[in-house]
Amino acid sequence: MFAVSPFVSATAHADSRTEYLIKMLETGNTYLVKVQAAGSLGKIRATTAVPALIRALDDKEELVVIAAATALGQIGDAAAIDALQKLSQTARSTAVKKQARTSLQVLQNAPVPSGVATPDVSATQAIYLAKIDAMGNTSTLSDAEAAHLMKSVVTEALTALPEVQLQAAGLSETQVRQKLSAEKLQGFIISGALVGLVWHSNAVEVSVSLNVFSNPDYSLLMMPSGSVKVPVSAAATAQPAAKSAEQSKAVRRLVDDMLRQVMEALPSVL
Numbered sequence: 003m004f005a006v007s008p009f010v011s012a013t014a015h016a017d018s019r020t021e022y023l024i025k026m027l028e029t030g031n032t033y034l035v036k037v038q039a040a041g042s043l044g045k046i047r048a049t050t051a052v053p054a055l056i057r058a059l060d061d062k063e064e065l066v067v068i069a070a071a072t073a074l075g076q077i078g079d080a081a082a083i084d085a086l087q088k089l090s091q092t093a094r095s096t097a098v099k100k101q102a103r104t105s106l107q108v109l110q111n112a113p114v115p116s117g118v119a120t121p122d123v124s125a126t127q128a129i130y131l132a133k134i135d136a137m138g139n140t141s142t143l144s145d146a147e148a149a150h151l152m153k154s155v156v157t158e159a160l161t162a163l164p165e166v167q168l169q170a171a172g173l174s175e176t177q178v179r180q181k182l183s184a185e186k187l188q189g190f191i192i193s194g195a196l197v198g199l200v201w202h203s204n205a206v207e208v209s210v211s212l213n214v215f216s217n218p219d220y221s222l223l224m225m226p227s228g229s230v231k232v233p234v235s236a237a238a239t240a241q242p243a244a245k246s247a248e249q250s251k252a253v254r255r256l257v258d259d260m261l262r263q264v265m266e267a268l269p270s271v272l
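Here my numbering is used: the first residue of the sequence shown is 3, the next is one more, and so on.
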């Protein structure tokens with residue numbers, strides 16, 4: 003990810019960065035590269051990227067489509083309404099449909115002319131403050147590798163949710179309470195573990211558990227767990243980099259599903 007201004011810049015440097023991100027979105031050799039490119043384009047509200055993001059809605063990878071739909075909502079260009087409307091009706095994935103409808107609602111409620119910079123959508127819609135805590139491991143991966151994988155996946159998944167604002171590191175309990183009160187947010191803390199990771203001849207199977215606490219009190223709210231078996235090609239297991247990408251993809255798919263359930267349940271437990 004790049005550290006960039008919160009508003010679209012007219013400088014040549016910003017233009018070249020946007021062009022680079024668009025290229026990565028369109029030609030990236032892994033789904034993670036495309037997801038990160040779409041996320042960056044959304045955060046800088048790059049209106050020139052809208053056509054590329056609309057094309058990315060047809061990507062074969064579900065996470066790329068979700069990232070592109072999220073970015074289109076953040077950018078706020080009404081030119082994306084028709085594409086998001088179609089996606090919300092025709093997508094096979096429930097997660098894709100949900101994100102398309104969320105972004106579509108943003109655009110329909112606050113249409114913005116092309117080329118006009120807007121406030122950060124995720125910031126204006128946030129109703130939860132989330133702290134990501136320690137991640138454990140009982141899988142075959144090393145503890146360090148599993149912790150990094152889980153924290154990265156949970157961070158990416160929560161960042162994609164417009165209703166969630168991630169808590170900055172180093173805040174004291176008093177500062178957290180002040181922030182919750184001042185911004186009228188509800189807080190939760192999430193930790194978890196990669197419970198299992200098993201490679202089969204044509205699939206990778208992952209199991210994850212999450213713990214959700216109130217923030218900053220650490221009262222346990224829920225303990226969801228789940229597993230998923232994702233088909234993979236033989237080629238994906240032949241190269242370490244490809245194998246790592248596939249297991250990350252499987253964990254992300256599972257965590258996305260689990261976090262959707264968490265977000266649906268939060269209003270009744272906080």
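Glycine residues also receive a C-beta, built at the ideal position from the N, C-alpha and C atoms.
Remark: three or more beta-carbon pairs, one from each stretch, lie closer than 8 angstroms, so the stretch 191 to 206 and the stretch 129 to 148 are flagged as touching.
Per DSSP, the continuous beta strand (DSSP E) segment holding Lys231 begins and ends at Ser227 to Pro233. A residue is called buried once 16 or more other Cβ atoms fall within 10 Å of its Cβ, and Ala252 is buried on that count.
Here Asn31 carries a coil assignment [DSSP, helix/strand/coil]. With fewer than 16 other Cβ atoms from the protein chains shown falling within 10 Å of its own Cβ, Tyr22 counts as exposed. Runs of the beta strand (DSSP E) lying entirely within the stretch 131 to 207, each at least 3 residues long, are 166 to 168 and 188 to 201 in chain order. Residue pairing from DSSP places Leu212 in a beta bridge opposite Gly194. The criterion of a C-beta distance shorter than 8 angstroms is satisfied by Asn139 and Leu196. Between Pro218 and Glu175, the CB-CB gap stays under 8 angstroms. For Leu222, the enclosing beta strand (DSSP E) begins and ends at Leu222 to Met224.
Asp84 carries a helical assignment under DSSP once its states are collapsed to helix, strand and coil.
Scanning its chain for C-beta atoms nearer than 6 angstroms, with the 5 sequence neighbours on each side dropped, one finds around Glu207 the residues Val200 and Lys231, in chain order. Taking a cut-off of 8 angstroms for Cβ pairs, the stretch 139 to 155 and the stretch 81 to 88 do not touch, as fewer than three such pairs fall below it. Three or more Cβ pairs drawn from the stretch 146 to 156 and the stretch 252 to 272 lie within less than 8 angstroms of each other, which places the two stretches in contact.
Leu59 is not a Cβ neighbour of Val52, given a cutoff of 8 angstroms.
With a contact defined as Cβ atoms closer than 8 angstroms, Leu187 and Ala128 qualify at about 7 angstroms. Take the alpha-carbon of Leu89 and the one of Gly172: they are about 40 angstroms apart. Closest by C-alpha distance to Ala162, out of Lys100, Ala247 and Ser209, is Lys100. In the DSSP assignment, Asn111 falls within the unbroken alpha helix (DSSP H) covering Thr96 to Asn111. Relative to the Cα of Ala73, the nearest Cα in the group Gly41, Ala93, Ser95 and Ser246 belongs to Gly41. No Cβ-Cβ contact shorter than 8 angstroms links Val210 with Leu168. Comparing alpha-carbon positions, the option among Ser18, Ala70 and Ile56 lying closest to Val37 turns out to be Ala70. Contact between Ser216 and Leu272 holds: CB atoms are separated by about 7 angstroms, below the 8 angstroms threshold.
The Cβ atoms of Leu65 and Leu55 lie no closer than 8 angstroms to each other. Going by DSSP, Gln263 is part of the alpha helix (DSSP H) stretching over Pro242 to Val271.
Between the alpha carbons of Thr92 and Thr104 lies a distance of about 15 angstroms. Selection Arg57, Pro242, Arg254 and Val108 evaluated against Leu160 yields Arg254 as nearest (Cα-Cα).
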